[in-house]
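Start counting the sequence shown at 18; every next residue gets the next number (our numbering). Note that CB positions come from ideal geometry on N, CA and C, so glycine has one too. The structure under discussion appears below in the form of structure tokens.
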Amino acid sequence: MKIAIIGEAMFEFRGQGAASTGLQYGGDTLNTAIHIARSGCDIGYVTAVGKDKLSDALIDAWDSEGLDTSHVLRHPDRYPGIYAIHVDPAGERSFLYWRDQSAARAMFDLPDMAAACSAVATADLLYFSHISLAILPPSGRARLIALAETVRSRGGLVAYDSNFRARLWESRAAARSWSDRAVAASAIGLPTADDERAMHGTSESDVEVAARWLGLGCAEVAVKCGPTGCVLASADHSPERHACTPMDMVDSSGAGDAFNGGYLAARAKGASFETAAKCGHDLALWVISRRGALPRRDDEAPYPA
């Protein structure tokens, strides 16, 4: 397993009021994983689903996208979470969630998780997010951080996105504490500036966010700044803003996940972080010009040929 991603995937309902476009799937880490798979990388996804027919359908769909699902665990008594998404006329979205008893929340309690962790420990790159941590109990969070540290100690890279969702956390203090631990265990940071300001209750500039992550021990940071592009920084490069091409937005869902996917796929193939940022922006712009957080691949999709 060259690239491993750990997180939660859910069923998605999208529509207006009682009208829905039907049952789909999504989740921040899953969206990123599929973008990376579509870019031609060897990638496995680690999560937990149920033993029901709908969970079977999820795994079949992920297989068809090129994900290695050999470490998607099956919980005997739980099912995937569900979320409903509403997109307003300006393309901004709001969510409702039903995930408190999802299978993914208990993934570290399942016997097969030991084998999954052993496989992940040998990955060239591990990616997880703040949501990956938020859904877990404290013991699971500690095991995920320890796994990231193991990957780093064996020479692999760890990438982390502080995708802050206040409702998933018992307190902002807990969210900050666990995020700081994740940043310290990571080599590649992919924060969103607005999420960082919300979690920390500050008015930090985008550059200050990058500097704080570097100070915590992260070697390379790409701070996502919405329509103004991103700020790139590393131990060897002073913070520098990289603009992206303006585009009319149809749906903002999944923009950050797409940036992460494009960026990490490019870095995994040896691209510079400036080139990786352009790949991330190109993929995010393609996503927001279409409906849904994970649009179907089309001829305009900027995945490598």
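Checklist entry - When you compare only the Cα positions, how much space is there between Pro319 and Gly173? => result 27 Å
Next on the checklist: Per the DSSP calculation, Asp85 is bridged to which residue(s)?
Outcome noted: Note: Asp85 sits in a beta bridge opposite Gly61.
Checklist entry - From Val168 to Ile305, what distance separates their C-alpha atoms? => result 33 Å
Checklist entry - Straight-line CA distance for Ala35 to Ala136? => result Low per-residue confidence applies at Ala35: pLDDT is 47, beneath 50, and the placement is therefore not dependable enough to give any value.
Item to check | Which of helix, strand or coil DSSP assigns to Cys296 | outcome: helix
Next on the checklist: Am I right that Glu29 and Tyr42 are in contact with their C-beta atoms under 8 Å? What's the rounded C-beta distance?
Outcome noted: 6 Å
Checklist entry - Would you say Trp303 touches the ligand SAM, meaning its beta carbon is less than 7 Å from a heavy atom? => result Annotation note on the ligand SAM: not contained in the displayed structure, which lists no ligands.
Checklist entry - Between the beta-carbon of His147 and the beta-carbon of Asp178, is there less than 8 Å? => result yes
Item to check | Identity of the residue in Phe276, Pro312, Lys286 nearest Pro208 by Cα | outcome: Phe276
Next on the checklist: Using a Cβ distance threshold of 8 Å, determine whether the segment 84-97 contacts the segment 125-135, with at least three qualifying pairs required.
Outcome noted: yes
Item to check | Alpha-carbon spacing of Ser194 relative to Tyr114, whole angstroms | outcome: 24 Å
Checklist entry - Rounded to whole angstroms, how far is the Cβ of Ser149 from the Cβ of Ile23, which I believe are closer than 8 Å? => result 5 Å
Next on the checklist: So, at 6 Å on beta carbons, what are the nonlocal neighbours of Lys19 in its own chain, with the 5 sequence-adjacent residues on each side left out?
Outcome noted: Asp59, Asp141
Next on the checklist: The alpha helix (DSSP H) that contains Pro155, what's its start and end?
Outcome noted: 155-170
Checklist entry - So, are the CB atoms of Ala121 and Thr64 less than 8 Å apart? => result yes
Checklist entry - What first and last residue would you give for the alpha helix (DSSP H) that runs through His217? => result 210-217
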